[in-house]
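A.B. asks: Here you go, one structure.
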Amino acid sequence: MAKHIVIASGKGGVGKSSVSAGLALALRHSGYRVLLVDCDIGLRSLDLILGAGAELLFHWGDVIQKRCTPEQAITAVAGDLSLLSAPTDFDPAYTPEAMEKLALTYDASFDYILFDSPAGVGFGLELAAAAADLALIVATPDEVCVRSGQVAADRLAQLGVAESRLIINRFDSKAVAKSKLLNIDEVIDCTHLRLLGVVPADPAVTFGMSRGQAVAEKSKAMKAFARIAGRLNGKRILLEID
Ligand SMILES: Nc1ncnc2c1ncn2[C@@H]1O[C@H](COP(=O)(O)OP(=O)(O)O)[C@@H](O)[C@H]1O
Ligand SMILES: [Mg+2]
């Protein structure tokens, strides 16, 4: 049975989709079968981030509406990562129950199913979290983002997601040293969440993902994603910053 993980933040633009893609790639590099589900209805981005072009024919809404088979809806991206793209429009058939059923359809074929959630703490998050048993809350080290991460974690607890862990994204130790951004302890204290990892601010993320290419394997960010993937799999890996 696959592990179901929702990636959330409350606020937009903090790196949910980048973390989803980077973590999926790191898990895949470690040999796990990973299904990445873009849950941002109308504003999907994982297809662009991971370089899916014209081959993108179906989305997960088509599976729910029985317009294609579960296998047909999957697009292979970045080599052999499996992507389920998001519908372009909302439909009343997209309910939390339908999302749970959708996840069960793919359960036996994957080790990890990652749900990249939209911004906000409303129905979009509810859909993304419907099948999840773990949430990864992505926060950049600033007050606005940290507070919205905490709100998202509270909402996910109400929705029945058993556990939330924290990923600090776009960490810049020089900015922290100048007291321009919160330090790691402050982010942990404000969110009340257990830290899973820290991803540095790294131009390789913006560069790779804006071109539909995977983040360079030797980049600082990709190394951070690999450490996070290892911790998810129960390995004890020391925290490294930068
Ligand atoms: N660790 C990082 N270092 C540098 N840029 C990043 C990092 N994480 C995300 N970004 C950039 O931030 C922007 C927003 O990221 P995105 O993943 O789309 O956020 P969200 O899904 O939360 O809206 C993108 O331009 C992305 O390339
Ligand atoms: Mg996104």
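Going by the working numbering, the first residue of the sequence shown is number 128, and it counts up by one from there.
Where is the CB? At the ideal position from N, CA and C, for every residue including glycine.
What you are looking at is a predicted structure, and each value in this text was computed from that prediction instead of being measured.
Fully enclosed by the stretch 200-245, which alpha helix (DSSP H) runs are 4 residues long or longer?
C.D. replies: DSSP runs (the alpha helix (DSSP H)) wholly in the stretch 200-245: 223-233.
A.B. asks: Using DSSP with H/G/I as helix, E/B as strand and the rest coil, what is Pro197?
C.D. replies: Along the sequence shown, read from residue 1 onward, the residue named residue 197 stands at position 70. Here Pro197 sits in coil by DSSP.
A.B. asks: Which residues share a DSSP beta bridge with Asp112?
C.D. replies: The structure shown does not extend to residue 112, since the chain spans only 128 to 369, so no value can be given for it.
A.B. asks: For ligand 1, any of its heavy atoms closer than 6 Å to the Cβ of Ala356?
C.D. replies: Numbered from 1 along the sequence shown, position 229 holds the residue referred to as residue 356. Because no heavy atom of ligand 1 lies under 6 Å away, the Cβ of Ala356 does not count as near it: no.
A.B. asks: Tell me the rounded alpha-carbon separation between Ala343 and Gly335.
C.D. replies: Counting from one through the sequence shown, the residue named residue 343 turns up at place 216. Counting from one through the sequence shown, the residue named residue 335 turns up at place 208. Straight-line Cα distance between these residues: approximately 7 Å.
A.B. asks: Give the range of the beta strand (DSSP E) segment to which Val265 is assigned.
C.D. replies: Here residue 265 is taken as the residue at index 138 of the sequence shown, counted from 1. Val265 -> beta strand (DSSP E) spans Leu261 to Ala266.
A.B. asks: Beta carbon of Met128: closer than 6 Å to some heavy atom of ligand 4?
C.D. replies: As for ligand 4, it is missing from this structure, which binds only ligand 1 and ligand 2.
A.B. asks: Using 7 Å as the threshold, is the C-beta distance between Arg171 and Ser212 below it?
C.D. replies: For the purposes of this step, residue 171 is identified with residue 44 of the sequence shown, where counting begins at 1. For the purposes of this step, residue 212 is identified with residue 85 of the sequence shown, where counting begins at 1. Against a cut-off of 7 Å, the Cβ pair of Ser212 and Arg171 comes out as a contact.
A.B. asks: Return helix, strand or coil for Ser337, following the three-state DSSP convention.
C.D. replies: Stepping through the sequence shown from its first residue, residue 337 is reached at position 210. Three-state result, Ser337: helix.
A.B. asks: Quick one, which of Lys350, Ala341 and Leu366 has its alpha-carbon nearest Gly206's?
C.D. replies: As a working mapping, residue 206 is identified with position 79 in the sequence shown. Closest option to Gly206, Cα to Cα, is Ala341.
A.B. asks: Tell me whether Gly169 counts as near ligand 1, meaning its Cβ is closer than 6 Å to at least one heavy atom of that ligand.
C.D. replies: Numbered from its first residue, the sequence shown carries residue 169 at position 42. No, Cβ of Gly169 sits at least 6 Å from all heavy atoms of ligand 1.
A.B. asks: Among Gly188, Ser209, Ser275 and Arg155, which residue has its Cα nearest to the Cα of Gly178?
C.D. replies: The residue given as residue 178 occupies position 51 in the sequence shown. Selected option, being the one with the closest Cα: Ser209.
A.B. asks: Under a three-way DSSP split, which group does Ile364 fall into?
C.D. replies: The count along the sequence shown starts at 1 and reaches residue 364 at position 237. Reduced to three states, the DSSP call for Ile364 is coil.
A.B. asks: Report whether the distance from the Cβ of Asp174 to the nearest heavy atom of ligand 1 is below 6 Å.
C.D. replies: Along the sequence shown, read from residue 1 onward, the residue named residue 174 stands at position 47. It does not: the Cβ of Asp174 is nowhere closer than 6 Å to a heavy atom of ligand 1.
A.B. asks: Assuming Phe298 is part of the beta strand (DSSP E), what are its boundary residues?
C.D. replies: Stepping through the sequence shown from its first residue, residue 298 is reached at position 171. From DSSP, the beta strand (DSSP E) with Phe298 extends over Glu290 to Phe298.
A.B. asks: Can you tell which of Phe298, Ala259 and Asn296 has its C-alpha closest to the C-alpha of Gln285?
C.D. replies: Here residue 285 refers to the residue found at position 158 when the sequence shown is read from its first residue. Nearest of Phe298, Ala259 and Asn296 to Gln285, Cα basis: Ala259.
A.B. asks: Work out the CA separation of Ala266 and Cys272 for me, nearest whole Å.
C.D. replies: For this step, residue 272 is matched to residue 145 along the sequence shown. For this step, residue 266 is matched to residue 139 along the sequence shown. Rounded to whole angstroms, Cys272 to Ala266 spans 6 Å at the Cα level.
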